[in-house]
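Heads up, the thing below is written out as structure tokens.
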Amino acid sequence: MKKLLIPTDFSDNAWNAIFNAVKLYAEMNCKIYILHAYEPDAMNKLGRKTQARLGVLYDSLARYSEQELEKVSSYLQEHHKNNKHQFETLSEKGTLLEVISGVASRLGIETVIMGTQGATGAKEIFLGSNTVKVLGQLKNYPILVIPSGYNIQRLQTAVLPTDYQEPLTNADLSPLIYLAANWSIDLHILYITDEGLYNEKQEDCKKLLAENLSSLRYSFEERKPISELWQDISGYCNETGAELLVLPRHKHTFFEKIIREAVVKKTAFHSKIPVLFLSAKD
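Positions in the sequence shown are counted from 1; adding 1155 to them yields this note's numbering.
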């Protein structure tokens, strides 16, 4: 049984992540943990009116957390009952990153699922949001990020960009393989290159990738760069009608190049479709 962790702050984006998760994993046996992290000093950061309203409604942040989680649990049991799914709610004291890290380790979580968060807009996946902190620190876990307003109807096509500079093992690919097997996904392995030439290391990484994906339908695709890397990837996803983007988190290579582009151009990293960030290498 797969163990999934979905942090929530009870916002629309968090609810959207839950709704999409139960549909994405509808045919899979899962234990789904819905987590809310609260900081005891958070009340001090709120305005007086907000403090007063919360004070009337709830005696403490802990009570508020438990009551809201109970609403989530009741709603899921009534509207998303699935014999293959078990739900459990968790109310934990501490910062979001501390709590997610502790819970994931303690419960043996296999994938963390998050909605987009942050003050700069719902389309932002990271840079200025809680999600970038989790992506940066929670490196040993796959993280599936669901864009605001996204409503999964099918999962037929996925895109996995790579530069073949780092090997992707079966363990690295397991969350993708699991989803692909249950949805019969066509996987496009995308290499954006000027030359189309492979050195020995790249040839080995490509061969390993083919071996580990042998149970799936996949194709190797090459495209010449047109613009920035992220824009080329996004354009290819639009062209193929992909419903899932899969990004390896390789150190000093592909993943960091995308981040660096976004930072330099002072733009957020956007995606209209869910992004599955594979676990990072040390």
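Don't be surprised by glycine CBs; every beta carbon is placed ideally from N, CA and C.
Query raised in the report: Applying the criterion that 16 or more other CB atoms from any shown protein chain within 10 Å of the CB defines a buried residue, is Phe1242 buried or exposed?
Result: buried
**Report entry** CA-to-CA distance, Gly1351 to Glu1253, given in whole angstroms
**Finding:** 43 Å
Report task. Just the C-alpha distance for Tyr1230 and Glu1247, rounded to the nearest angstrom, thanks. Result -> 21 Å
Requested in this report: Output yes or no for whether 7 Å exceeds the beta carbon distance between Ile1347 and Arg1378.
Outcome: yes
Query raised in the report: So which of Glu1383, Asp1318, Ala1217 and Leu1290 has the shortest CA-CA distance to Val1430?
Result: Distance from the Cα of Val1430 is smallest, within the candidate group Glu1383, Asp1318, Ala1217 and Leu1290, for Leu1290.
Report task. Check whether the stretch 1215 to 1232 touches the stretch 1182 to 1193, taking contact to mean three or more Cβ pairs, one atom from each stretch, closer than 8 Å. Result -> yes
Query - Beta-ladder partner(s) of Lys1248, from DSSP - result: Tyr1193
**Report entry** According to DSSP, residues forming a beta bridge with Ile1298
**Finding:** Val1267 and Phe1432
Query raised in the report: So, helix, strand or coil for Thr1163, using DSSP?
Result: coil
Query - Closest by C-alpha distance to Asp1327, when choosing among Lys1356, Pro1297 and Ile1161 - result: Pro1297
Query - Spatial neighbours of Leu1295 in its chain, beta-carbon cut-off 8 Å, leaving aside the 5 residues before and after - result: Just to set this straight, residue 1295 is Asn in the shown sequence, not Leu. Ser1434 and Ala1435, listed in sequence order.
Query raised in the report: Less than 7 Å separating the beta-carbons of Ser1426 and Pro1316?
Result: At least 7 Å separates the beta-carbon of Ser1426 from that of Pro1316.
Query - Candidates Glu1398, Val1314 and Ile1268: closest to Ile1307 by CA position - result: Glu1398
Query - Residue burial classification, Gly1276 (beta-carbon count within 10 angstroms, cutoff 16) - result: Residue placement at Gly1276 is flagged as unreliable, the pLDDT there being 43, under the threshold of 50; the coordinate-derived value follows with that caveat. It is exposed - the Cβ of Gly1276 has fewer than 16 other Cβ atoms within 10 Å.
Query - Start-to-end residues for the beta strand (DSSP E) that takes in Tyr1180 - result: Note, Tyr1180: premise wrong, no beta strand (DSSP E); not H, not E.
Requested in this report: Kindly indicate which three-state DSSP category Tyr1219 falls into: helix, strand or coil?
Outcome: helix
Query - In DSSP terms, what Glu1394 is bridged to - result: According to DSSP, Glu1394 bridges with nothing at all.
Report task. Quick one: using the 10 Å Cβ neighbour count with 16 as the cut-off for buried, is Glu1265 buried or exposed? Result -> buried
Query raised in the report: In three-state terms, what does DSSP make of Arg1261?
Result: Three-state result, Arg1261: helix.
Requested in this report: Give the DSSP-derived three-state secondary structure of Asp1349 in the structure shown.
Outcome: coil
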